[in-house]
Each structure stands twice: as structure tokens, then as C-alpha cells.
Amino acid sequence: MKHVTSRSCELALGLAVIGLLGFASLSEAAPKRPPNILFAIADDASYPFTGAYGCRWIKTPGFDRVAREGLLFTHAYTPNAKCAPSRSCILTGRNSWQLEAACNHIPYFPAKFKTYAEALAEHGWYVGKTGKGWAPGVARDAQGKRRQMAGRPFDSQKTTPP
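Throughout the sequence shown, residue numbering follows the working numbering, covering 21 to 182 in sequence.
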């Protein structure tokens with residue numbers, strides 16, 4: 021028969037208290053915030069002309085930092101040459117042949133196709149865009165309802181590049 025000593029009781033009690041304190045601190049921790057997402061697209065910009073892709077004579081420190089600290093796409097291609105069809109594919113993650121009228125140059129955007137920005141906004145994310153998030157014009161579904169395909173516009177301030 022094994023005898024329990026006061027020393028072993030103290031050790032067991034101490035470990036239990038430490039465990040409970042650790043558990044309590046986990047439950048009081050702040051909820052984890054979702055990550056920030058920056059999806060940057062530039063019309064008529066070619067990948068070799070940014071520092072992140074190896075260009076030494078064009079300085080792009082902001083994009084280079086995002087590429088270092090985030091995710092850099094190395095094999096992202098558009099299946100369409102026109103803006104509305106290519107953005108339809110980017111915004112939905114679908115191939116152009118799957119998007120029906122959304123892949124015409126001046127289309128309506130069928131309500132059954134949800135964009136990643138709309139899906140994020142439905143789940144509590146604050147989604148916005150600057151410049152051309154969807155083109156041409158304002159996207160509408162078959163009933164004429166306006167949609168913010170790429171998020172709420174943040175275009176109230178304009179600057180002139182140096």
C-alpha cells in the first residue's frame with residue numbers, strides 16, 4: 021500500500037492550482053481577431069515591374085513589404101482580356117465559362133454568383149475598395165438591384181502621384 025505524504029499532497033495541490041490559473045487565463049484572453057486581407061490589382065501592370073518580383077529599377081516598397089509579410093501570388097492569370105469578365109472571375113473564383121452573363125463586357129451580374137467581398141461582408145468583415153472594383157459601371161442583378169461587388173467604395177479622397 022502506498023502512503024500519501026504531505027509533500028506529495030502539496031505538490032499535487034500546487035500543480036492543480038497552476039493548471040486552473042492557466043485555464044482561467046485562457047478563458048479571459050481577448051478573442052482572436054480575423055486577419056486583414058489586402059487584395060491588390062493594377063490594370064495594365066506587369067508582374068516583372070515590381071520589386072517583389074525582382075525588378076531593381078522600379079521602387080515599390082509598399083508592395084514589397086506586403087509581399088514579404090503576406091502572400092505573394094506567382095501564378096495568377098486572367099482568363100479574359102476585358103475588365104468586367106476578368107474581374108468577374110477574380111471576384112467569384114470561378115472560370116469565365118461558369119459565369120453566364122457575368123462574363124460579357126457589359127453584363128448584369130446574376131444574383132446566384134456571390135463575390136468573395138460579399139461573402140466576407142456577410143460574415144462581419146469590413147470590406148472596401150478604391151478605384152475600379154467592378155467595371156464597367158455599377159453592377160446590377162437581373163432585377164436591377166445594385167450590388168457592391170468588391171465592397172464599399174473608399175474613393176472620397178484623391179491624390180496626385182509625385
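Heads up, the beta-carbon is just placed ideally off N, CA and C, and yes, glycines get one too.
Query raised in the report: Taking only beta-carbon atoms, is SER106 less than 8 Å away from chain C?
Result: The displayed structure is made up of one protein chain only, and chain C is not part of it.
Query - Exposure label - PRO54; buried when at least 16 CB within 10 Å - result: exposed
Query raised in the report: DSSP on ARG85, reduced to helix/strand/coil?
Result: helix
Query raised in the report: What is the DSSP secondary structure of ARG166, reduced to helix, strand or coil?
Result: strand
**Report entry** Cβ shell of GLN163 (< 8 Å), same chain only, five flanking positions each side left out
**Finding:** ALA131
Query raised in the report: Under a three-way DSSP split, which group does GLY148 fall into?
Result: strand
**Report entry** Segment contact flag, the stretch 109-119 with the stretch 74-94, C-beta cutoff 8 Å, min 3 pairs
**Finding:** no
Query raised in the report: Can you name the start and end residues of the alpha helix (DSSP H) that ILE110 belongs to?
Result: 103-112
Requested in this report: Ignore the nearest five residues each way along the sequence and tell me which others in LEU92's own chain have a CB closer than 7 Å to its CB.
Outcome: ALA72
Report task. Identify every residue that forms a DSSP beta bridge with PRO173. Result -> LYS149
Query raised in the report: What is the C-beta distance between TYR128 and ARG160, in whole angstroms, given that I count them as a contact (C-beta under 8 Å)?
Result: 5 Å
Requested in this report: Could you pull out every residue in the same chain whose Cβ sits closer than 6 Å to the Cβ of ALA141, ignoring the five residues on either side in sequence?
Outcome: VAL147
**Report entry** Member of ALA122, GLN118 and SER176 whose CA lies at the smallest distance from the CA of CYS103
**Finding:** ALA122
Query raised in the report: What residues match up with ARG160 in a beta bridge as DSSP calls it?
Result: ARG166
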